[in-house]
Amino acid sequence: MSLARHVDSDEIIKNLHDMHMKDAGKKHVHTKGGTSHITPMVHQQTLPNLNLASFVGTYMETHAEQLMFENISKNMSDADEYPAMMQMHSRCVSIIANLWGARKGEKAIGSATTGSSEAIHLGGLAMKRRWQEKREDEGKDKSKPNIIMGSNAQVALEKFARYFEVEARILPVSEKSNYRLDPELVKENIDENTIGIFVILGSTYTGHYEPVEEISKILDDYEAKTGVDIPIHVDAASGGFVAPFTHAKPVAQDGTSNSHESNPLIHPVTSSVLYTQVSDGSSGATNPTFQTPRLRAPLSRWNRRIIYPQLFSARCSSEHTFKGTDAPVFSKEDETSADYNAGLPVVAFRFSDEFKKEFPHLKQETVSNLLRAKQYIIPNYPLPPNEEKTEILRVVVRESMSFDLLDRLISDICATTQTLIDSDEQDFEYIEHSSEQGAWKCREGTWHCGKETWEGTG
Numbered sequence: 009m010s011l012a013r014h015v016d017s018d019e020i021i022k023n024l025h026d027m028h029m030k031d032a033g034k035k036h037v038h039t040k041g042g043t044s045h046i047t048p049m050v051h052q053q054t055l056p057n058l059n060l061a062s063f064v065g066t067y068m069e070t071h072a073e074q075l076m077f078e079n080i081s082k083n084m085s086d087a088d089e090y091p092a093m094m095q096m097h098s099r100c101v102s103i104i105a106n107l108w109g110a111r112k113g114e115k116a117i118g119s120a121t122t123g124s125s126e127a128i129h130l131g132g133l134a135m136k137r138r139w140q141e142k143r144e145d146e147g148k149d150k151s152k153p154n155i156i157m158g159s160n161a162q163v164a165l166e167k168f169a170r171y172f173e174v175e176a177r178i179l180p181v182s183e184k185s186n187y188r189l190d191p192e193l194v195k196e197n198i199d200e201n202t203i204g205i206f207v208i209l210g211s212t213y214t215g216h217y218e219p220v221e222e223i224s225k226i227l228d229d230y231e232a233k234t235g236v237d238i239p240i241h242v243d244a245a246s247g248g249f250v251a252p253f254t255h256a257k258p259v260a261q262d263g264t265s266n267s268h269e270s271n272p273l274i275h276p277v278t279s280s281v282l283y284t285q286v287s288d289g290s291s292g293a294t295n296p297t298f299q300t301p302r303l304r305a306p307l308s309r310w311n312r313r314i315i316y317p318q319l320f321s322a323r324c325s326s327e328h329t330f331k332g333t334d335a336p337v338f339s340k341e342d343e344t345s346a347d348y349n350a351g352l353p354v355v356a357f358r359f360s361d362e363f364k365k366e367f368p369h370l371k372q373e374t375v376s377n378l379l380r381a382k383q384y385i386i387p388n389y390p391l392p393p394n395e396e397k398t399e400i401l402r403v404v405v406r407e408s409m410s411f412d413l414l415d416r417l418i419s420d421i422c423a424t425t426q427t428l429i430d431s432d433e434q435d436f437e438y439i440e441h442s443s444e445q446g447a448w449k450c451r452e453g454t455w456h457c458g459k460e461t462w463e464g465t466g
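So that you can map any letter, position 429 of the sequence shown is 437 in my numbering, and since no number is skipped, the others follow by simple counting.
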């Protein structure tokens, strides 16, 4: 039986499709019905453990999860109602200050924040206000503040300059500078209106730590010549709880961390901002957010025994993926991370020049897309401006990456690449790659993994 003429079948289908998308339901939904509706939607997403693009931790121990749920209903701002939590928060600030090398006699204050963006904005504001007050005391113009950062800086750093009316002097990175902030360019661009330098402890492009100590010496020399004191803000959103266990402590005026990114054993819950050499103030006045869950305080912990295996796994992945090719490998598995260039457990790699000449029609993006069909998330993206012609694939090695997963990943990267090589040039975009794991048979000269594109394991 056909529909009546006055009924529009397309409209019926559209209304059914949009029924639960825009408006709240008019009737009560049973608990089981609600969860059964949401659960399939959530399960359609990528498995967190295979999201190798994210710096965010994807694993938490059961006891930590229990602590989180026990405290999830407690509001951070209700200090009188939950004094034990506030004491724990203050202890965390003190612990982080010691972890980041606060010197004897310095007064360090800090606060938990809702995220690394909020923390970096608070750190930037502290530098701006400090500069404004000093200029006002000296009777000088304070209308043209500027701040310096590399072109590899995360977008939140650029947003600080835009939101708070500060000129952003974004300096290009290059192969010469290891794709990080170039100290020589810093020296050329600082002046009396510079409120500070954003230095990144773990670039999201390649994992490199930027040269905090070298830049600090440049600023010391500049102060000795001009009397102008320019502070450093270390953006340690990814490396704040990694570097202290693997490399020397940096020198900085203040810093921020994102514990769900740099701490491998907790889910996304908190970030921190810390200031040193501050004349007065309290941690309670630092955080502008009113309602904040208290779960962050009991979950703030870290462990050297977790960080070293991450770096070791990253070295193994680079060693085995590129073994037998003409690509240089800079890691030795029997050395500690302190013997390598400072960086996060990150492996960034690309097609070698020889491979691209032989197979100009094959794109790295296709490798990324085919690996996504196996549920891996491995991004392919260009390097920062001035080096954007170079594209890299990046793998973030987290605590949850077992050696079995590492073995499977290397096999799948090599098998996917070989599948593209064996495919017809005009049809390779439509390949349905077999789910069977391939052996480690990377064609010689396929991949390049050198100092200029890879850090964290070398």
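No residue lacks a Cβ here, since even glycine has one placed at the ideal position from N, Cα and C.
The C-alpha of V64 is placed about 12 Å away from the C-alpha of G123. P191 and G210 have their C-alpha atoms roughly 16 Å apart. In the three-state scheme derived from DSSP, where H, G and I count as helix and E and B as strand, D243 is classed as strand. The beta carbon of L58 sits closer than 6 Å to those of Q383 and Y384, all from its chain and outside the five residues before and after it, given in chain order.
Between the alpha carbons of V174 and A245 lies a distance of about 22 Å. C-alpha of G235 to C-alpha of I203: approximately 14 Å in a straight line. Exclusion of the five residues before and after S408 leaves N57, T66 and Y67 as the residues of its chain whose Cβ lies within less than 6 Å of its Cβ. Taking a cut-off of 8 Å for Cβ pairs, the stretch 145-153 and the stretch 108-121 do not touch, as fewer than three such pairs fall below it. For E175, the beta-bridge partners assigned by DSSP are N154. Per DSSP, reduced to three states, the secondary structure at E73 is helical. Residue environment: Y171 is assigned as exposed (fewer than 16 neighbouring CB atoms within 10 Å of its CB, all protein chains considered). Here the alpha carbon of V181 sits roughly 13 Å from the alpha carbon of T212. Three or more Cβ pairs drawn from the stretch 392-403 and the stretch 351-367 lie within less than 8 Å of each other, which places the two stretches in contact. Linking M84 to E126 through their CA atoms gives a straight-line distance of about 16 Å.
The shortest C-alpha to C-alpha distance from K184 to any of L352, F363 and E395 is the one to E395.
Contact annotation: L428 and L391 have beta-carbon atoms that are not nearer than 8 Å. Non-local beta-carbon contacts of H216 in its own chain, meaning distances under 6 Å to residues more than five positions away in sequence, involve N186, R188, G351 and E463 in chain order. Nearest to S62 by alpha-carbon distance, out of I421, P353 and S419, is P353. G109 has its alpha-carbon roughly 26 Å from the corresponding atom of A92. Under the DSSP definition of a beta bridge, A356 partners with R402. With respect to the 8 Å criterion, N160 and I128 are not classified as neighbours on the basis of their beta carbons. In the structure shown, L413 adopts helical secondary structure according to DSSP, grouped into three states.
Pairing G147 with L179 gives a Cβ-Cβ distance that is not under 8 Å. At least 8 Å separates the beta-carbon of I240 from that of Y230. For the options S376, P393 and A381, the alpha carbon positioned closest to that of P387 is the one of S376.
C-alpha of E221 to C-alpha of P393: approximately 25 Å in a straight line. Here DSSP, grouped into helix, strand and coil, assigns H36 to coil.
Taken atom to atom, the span from the alpha-carbon of T70 to that of F206 is near 37 Å.
The alpha carbon of L193 has as its nearest neighbour, out of A169, F168 and P219, the alpha carbon of P219. Scanning the stretch 52-129 from its first residue to its last, the whole alpha helix (DSSP H) runs of 4-plus residues come out as 70-79 and 91-107. Per DSSP, V15 has no beta-bridge partner at all. For G351, the pairing in a beta bridge is given by DSSP as H216. With a 10 Å radius around the Cβ and a threshold of 16 neighbouring Cβ atoms, L55 comes out exposed.
The criterion of a C-beta distance shorter than 8 Å is not satisfied by L282 and V163. Separation of I80 and Q95 (C-alpha to C-alpha, rounded to the nearest whole angstrom) is 17 Å.
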